[in-house]
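Protein chains in written order, with the working numbering: chain F, 1 to 238; chain V, 1001 to 1238.
First the structure, in the form of structure tokens, and then the observations on it.
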DNA sequence: ACCAGAAGTTAGGCAAGGCTAACTTTCTGC
DNA sequence: GCAGAAAGTTAGCCTTGCCTAACTTCTGGT
Ligand SMILES: [Mn+2]
Ligand SMILES: [Mn+2]
Ligand SMILES: [Mn+2]
Ligand SMILES: [Mn+2]
């Protein structure tokens, strides 16, 4: 046996206070964070329920519990806002999620349209130690396979400087930075067209009434429907 | 889009019928499997309760539910035995567990005394697809970091041909095949002595009344307590 | 053969989360 | 400014697991 102290479990990875919250609370916190975006409007019960696929009644009950746990402030009938503690919890889960997605893609070769579903489960079940081992293995990465920023170990996250592709004028463009990871079909479609985060993209033409948007990506032209273009984010110019 | 069929989700990894059971059922099935060993005595409620750290009352209730789900046969007051379905479920979890342990150790460099705890959680949360990616990455391995055999994809498991080190006579020995993974302290101790699965081991002397066992491992002598020796398994000779 | 203690089960609770149905509050269009 | 619609909440119920306390069954020693 070495001279190492007995039963002192390393004590390293203790940046965040290791609050143990139920998986439910973690999912709600993440959903609220993502719905809150940056406009600091409170988030409605219905929006949370929709995103999590539960009834408004279930969400209402759960939000009250989150309020008791100091994860949200709840004004009945008006909505919820994350407390700083709730935001930390959300960011912790987002860090787990994105690290896992990248790890699955990079280390295990899982296709980028399938990593999301797996990460959605695993994010709640990895230890802080495993989180750290994954981050180290990946070289403390800044972005996940869909271009989304990964919060730092201290849970700082880069603020979003992108605009939706659907909001660009003809002639506008930039780097295709990120895309929603929640629709595998969509990801496979983009992949099959060779459209991936990091590519330069430019709007060539737009049709009115939500018509397709013609873009060029690395030389090729594509006509993208508005729902798709809404989920693709491009670096803000200027 | 390629000519690949739409929405047919690959259909590969479907060897086992993908029964979804609650995490509780998975843990109970695994516990019963491991208590059952090979002596096909039925397993008592108390033994299950002990191993899972719940009260006998809780185990009793749960065993009844497992019986309803056809995972065990339950004779009240006499004990339970796994059904074939229950055994498949147990082996599935054991495969997950041991693949995850090896993966964490080999790919992420997690020390062998810490992989068990992490695997204990993750085994319930990886998809069949991820299981397969891990197995492939590791080259369809046969043993985990503690020397325990990993069930095949078809859930066949090699039967145990080892004896406890504590049961060997002086002069007996063989290959140190495997060691219980449930006590991190013990694993660290063995590791610090350079005693690892695969090493040749021989009993040099024994003291009566559960006294220490003197063994030689790759040239060095060690005195091991009986509780430790009971958890170390050595290849059966002859 | 009996009976005490060990082992197992039942009864009654609790906490998380989900549901539906019914009720309340807020918002909106006239 | 008010009615009806939309949004949110409450009430009552369910499932999964766990608990303690009380009861039942089994077993081993005399
Ligand atoms: Mn994702
Ligand atoms: Mn963390
Ligand atoms: Mn499997
Ligand atoms: Mn293990």
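Note that the Cβ used here is the ideal one computed from N, Cα and C, for glycine as well.
Quantities reported herein were computed from a predicted structural model and do not represent experimental measurements.
Kindly examine ligand 2 and report whether one of its heavy atoms sits closer than 8 Å to the Cβ of residue i.
{"i": "residue 206(F)", "result": "no"}
{"i": "residue 21(F)", "result": "no"}
{"i": "residue 1178(V)", "result": "no"}
{"i": "residue 153(F)", "result": "yes"}
Among residues of its own chain, excluding the 5 on either side of residue i, which ones have a beta-carbon nearer than 6 Å to its beta-carbon?
{"i": "residue 1081(V)", "result": "1042 and 1073"}
{"i": "residue 1195(V)", "result": "1217"}
{"i": "residue 1070(V)", "result": "1083 and 1085"}
{"i": "residue 1059(V)", "result": "1045, 1048 and 1049"}
{"i": "residue 1113(V)", "result": "1184, 1187 and 1188"}
{"i": "residue 122(F)", "result": "100"}
Return the CA-CA distance between residue i and residue j, expressed in angstroms with no decimal places.
{"i": "residue 206(F)", "j": "residue 172(F)", "result": "11 Å"}
{"i": "residue 54(F)", "j": "residue 185(F)", "result": "23 Å"}
{"i": "residue 115(F)", "j": "residue 1220(V)", "result": "48 Å"}
{"i": "residue 247(F)", "j": "residue 67(F)", "result": "Residue 247(F) cannot be examined here, being either before or after the span of chain F that is shown, 1 to 238."}
{"i": "residue 230(F)", "j": "residue 94(F)", "result": "22 Å"}
{"i": "residue 239(F)", "j": "residue 137(F)", "result": "As shown, chain F starts at 1 and ends at 238. That puts residue 239(F) outside it, with no answer to give."}
{"i": "residue 212(F)", "j": "residue 222(F)", "result": "9 Å"}
{"i": "residue 104(F)", "j": "residue 1225(V)", "result": "43 Å"}
{"i": "residue 1209(V)", "j": "residue 106(F)", "result": "55 Å"}
Quick check: is any heavy atom of ligand 3 less than 8 Å from the C-beta of residue i?
{"i": "residue 1098(V)", "result": "no"}
{"i": "residue 1095(V)", "result": "yes"}
{"i": "residue 979(V)", "result": "A query on residue 979(V) cannot be resolved here, the shown segment of chain V reaching from 1001 to 1238 and no further."}
{"i": "residue 1231(V)", "result": "no"}
{"i": "residue 1188(V)", "result": "no"}
{"i": "residue 161(F)", "result": "no"}
Spatial neighbours of residue i within its chain, please: CB distance less than 7 Å, with the 5 preceding and 5 following residues excluded, ordered by chain position.
{"i": "residue 1051(V)", "result": "1031 and 1035"}
{"i": "residue 141(F)", "result": "102 and 150"}
{"i": "residue 23(F)", "result": "124"}
{"i": "residue 10(F)", "result": "Low local confidence applies: a pLDDT of 34 at residue 10(F) is under 50, so the model's placement there is unreliable, with the coordinate-based value given in what follows. Closer than 7 Å at Cβ, skipping near neighbours: no residue."}
{"i": "residue 143(F)", "result": "149 and 150"}
{"i": "residue 1062(V)", "result": "1024 and 1028"}
{"i": "residue 178(F)", "result": "146, 147, 148, 162, 197 and 233"}
Just checking residue i against ligand 1 - is the residue's beta carbon closer than 8 Å to any of the ligand's heavy atoms?
{"i": "residue 1175(V)", "result": "no"}
{"i": "residue 73(F)", "result": "no"}
{"i": "residue 115(F)", "result": "yes"}
{"i": "residue 144(F)", "result": "yes"}
{"i": "residue 101(F)", "result": "yes"}
Could you check whether the Cβ of residue i sits closer than 8 Å to any heavy atom belonging to ligand 4?
{"i": "residue 1182(V)", "result": "yes"}
{"i": "residue 129(F)", "result": "no"}
{"i": "residue 1119(V)", "result": "yes"}
{"i": "residue 1169(V)", "result": "no"}
{"i": "residue 1148(V)", "result": "yes"}
Ordered along the chain, which non-local residues of its own chain (more than five positions away) have a Cβ less than 8 Å from that of residue i?
{"i": "residue 79(F)", "result": "41, 42, 43, 44 and 45"}
Is residue i near ligand 6, judged by its Cβ being under 8 Å from some heavy atom?
{"i": "residue 165(F)", "result": "Although ligand 6 was asked about, the structure shown includes only ligand 1, ligand 2, ligand 3 and ligand 4 as ligands."}
Please go through the region 110-174 of chain F and give each complete alpha helix (DSSP H) segment of 4 or more residues, from N-terminal end onward.
Fully enclosed alpha helix (DSSP H) runs of no fewer than 4 residues occupy 115-122 and 128-137 of the region 110-174 of chain F, in order along the chain.
Identify every run of the beta strand (DSSP E) within the region 26-98 of chain F, keeping only runs that are complete inside it and at least 3 residues long; order them along the chain.
Runs found: 72-75 and 79-82.
Quick test of the definition: if touching needs 3 or more C-beta pairs under 8 Å, does the region 197-204 of chain F touch the region 168-184 of chain F?
Because the criterion of three Cβ pairs below 8 Å is met, the region 197-204 of chain F and the region 168-184 of chain F touch.
Inside the region 1197-1236 of chain V only - beta strand (DSSP E) runs reaching at least 3 residues
Note on the region 1197-1236 of chain V: whole beta strand (DSSP E) runs with a minimum of 3 residues are 1200-1206, 1213-1217, 1220-1224 and 1232-1235, in chain order.
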